[in-house]
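**Q** I have a structure I would like to understand better, so I am pasting it below and will then ask my questions one at a time.
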Amino acid sequence: MTDYLQYYEHLAEQLAGRGIDVEAVKARLKQQAIETPSWGYGDSGTRFKVFPWRGAARNVHEKLADAAYVHRLTGVAPSVALHIPWDRTDDWAALKQEAESLGVRLGAINPNVFQDEQYKLGSLTSPDASARENAIAHMVECCDIMRQAGSDILSVWLADGTNYAGQDDLRERKHRLEAGLAEVYRHLPPGSRMLIEYKFFEPAFYHTDLPDWGTAYAMALKLGPQAEVLVDTGHHAQGTNIAHIVSFLLDERRLGGFHFNNRKYADDDLIVGSVAPFELFTIFCELVSAGDLATNVAYMIDQSHNIEPKLEAMIQSVINCQVAYAKALIVDYARLEEAQRAGDVLAAHREYMTAFETDVRPLLAKVREEMGLHPDPIAAYRADDYAARIARERGIAAASGGGYPSA
Ligand code: PSV
Ligand code: MN
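Residue -12 is where the sequence shown starts when you use the working numbering, and the numbers rise one by one after that.
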């Protein structure tokens, strides 16, 4: 284990020499908040196989305990997203209280309208009226759960789409989508937001009803000010410039939040920033340079780890978001702007590179020390017996075939 703290003074001096206000940067890093997903703590797999993990959370209580543990070690993961019905309880007041007593709070509520028989042809866009009605009813119930859980985000992702040309009327599906979302929107608690997530393929492969940010944005505009777009970093084609999408949505005041992960999987299961840390950094640069426009953005991880130790993977994911944010905070945006206006392409690019190539680990170690945390959360995790203890206490769930979190 490297003791990064010993390098802090040197780095602070270097940053001050570049005109960076190190104290202000540290203050912002202490304010960072990344929500972890309840479903990331349970067993999960690909459609081929679930590899059961010894100690994986078996119910919402264990998921909350694990999320609270990740928060205790990192200090910046204060809330937990819930998926309904995976995390359903009949006593939301008690669950809210339980989360709070563990030091975390309940976060975004994610309705699930993709795992029921009736949703085979879609949920809000299904040609079957009763499937549509039930999907709406479930999402309205989720609005009620938000009230009880104290959550202010309804995070909507639909698995809707078709697999064959001609399978359904695409324009009709658009109308059903608009009508369904509008009905749910009417039930949002005051002051809360509906975040509309898009995904360009899967589980339907001919077309997806909400395939891209433009479609989600168009829906949000029609619905009203409480509807915004959610960018899941995994849900894009490989060449897509996500930072550009982020900047557009920020400027239009419709960026609601993120689901972080790494798009090599095309979906939710690989650690954010593990393959493309530079891309993650550019996303954070857009957020930092947008200033107040980014005030209400919700930062959420959407990852279900299949072969990695679940807690260590979640801690690493949170750390990767911290690193990207720290690097974005040490870009000299005034100098960047100067170079941009002068048309000095490479000087501008080097402003990014100088920040990106700076090793911010000593800075983060210092921030953690000042927050009363261990400067290295991974070392703290590895030295701790939490993972061994839950492995002993919870054991291993029965192996199953494949698919989504067993919840
Ligand atoms: C769909 O792939 C998705 O990204 C949505 O956010 C779901 O709620 C989540 O994954 C389920 O794991
Ligand atoms: Mn997602």
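Cβ atoms here follow ideal geometry from the backbone N, Cα and C, with glycine treated the same way.
Per DSSP, H246 forms a beta bridge with which residues?
**A** Beta-bridge pairing links H246 to D219, M287.
**Q** Hey, would you say I383 sits closer than 9 Å to W73, going by beta carbons?
**A** No; because the gap between Cβ atoms is not below 9 Å, this pair is not in contact.
**Q** What would DSSP say about I183, mapped onto helix, strand or coil?
**A** Reduced to three states, the DSSP call for I183 is strand.
**Q** Pull the bridge partners of R92 from the DSSP assignment, please.
**A** Per DSSP, S66.
**Q** One question on the structure: do P198 and G148 come within less than 9 Å of each other, judged by their Cβ atoms?
**A** Their beta carbons are under 9 Å apart, which means P198 touches G148 by this criterion.
**Q** With a threshold of 8 Å, are at least 3 pairs of Cβ atoms found where one atom belongs to the segment 294 to 301 and the other to the segment 329 to 342?
**A** Contact between the segment 294 to 301 and the segment 329 to 342 is absent, because fewer than three Cβ pairs lie under 8 Å.
**Q** Give the list of continuous beta strand (DSSP E) stretches no shorter than 3 residues that lie fully inside the segment 89 to 144.
**A** Entirely contained in the segment 89 to 144, the beta strand (DSSP E) runs reaching 3 residues are, in chain order, 92 to 98, 140 to 143.
**Q** State the Cα-Cα distance for the pair K17 and V143, rounded to the nearest angstrom.
**A** Cα to Cα, K17 sits roughly 29 Å from V143.
**Q** Would you say the beta carbon of K186 is closer than 8 Å to some non-hydrogen atom of the ligand PSV?
**A** Yes.
**Q** Under the three-state reduction of DSSP, which class applies to G32: helix, strand or coil?
**A** Reduced to three states, the DSSP call for G32 is strand.
**Q** In chain order, what residues of the same chain lie with their CB nearer than 8 Å to the CB of Q327, ignoring the 5 residues before and after it?
**A** Cβ neighbours of Q327 beyond the five flanking positions: A335.
**Q** Measure from the alpha carbon of L51 to the alpha carbon of each residue in A43, V67, Q225, R59, then state which is nearest.
**A** Nearest option by C-alpha distance: V67.
**Q** What does DSSP give as the partner residues of G148 in its beta bridges?
**A** T195.
**Q** Counting beta carbon pairs with one atom in the segment 221 to 240 and one in the segment 262 to 282, are three or more of them shorter than 8 Å?
**A** As far as the Cβ criterion goes, the segment 262 to 282 touches the segment 221 to 240, which means the pair count is three or higher.
**Q** Given a cut-off of 9 Å, decide if L(-8) and A352 are closer than it, judged by their beta-carbon atoms.
**A** Yes.
**Q** Check whether the segment 26 to 33 touches the segment -1 to 14, counting contact only when three or more Cβ pairs, one atom from each stretch, lie closer than 8 Å.
**A** No, the segment 26 to 33 is not in contact with the segment -1 to 14.
**Q** Given this structure, state the Cα-to-Cα distance separating P264 from A116, to the nearest angstrom.
**A** One C-alpha to the other measures close to 44 Å.
**Q** Straight-line CA distance for C308 to G260?
**A** Rounded to whole angstroms, C308 to G260 spans 7 Å at the Cα level.
**Q** Straight-line CA distance for E273 to D219?
**A** C-alpha separation (whole angstroms): 16 Å.
**Q** What are the start and end residues of each continuous alpha helix (DSSP H) run of 4 or more residues lying completely inside the segment 294 to 351, in chain order?
**A** With a minimum length of 4 residues, the continuous alpha helix (DSSP H) runs that stay inside the segment 294 to 351 are 297 to 316, 320 to 328, 332 to 343.
**Q** On a Cα-Cα basis, can you pick out the residue from S276, A313, G221 that is closest to F235?
**A** Closest by alpha carbon: S276.
**Q** Counting beta carbon pairs with one atom in the segment 99 to 108 and one in the segment 76 to 84, are three or more of them shorter than 8 Å?
**A** The segment 76 to 84 vs the segment 99 to 108: no contact.
**Q** Do you know offhand how far R241's Cα is from S179's?
**A** Using only the alpha carbons, I get a separation of about 14 Å.
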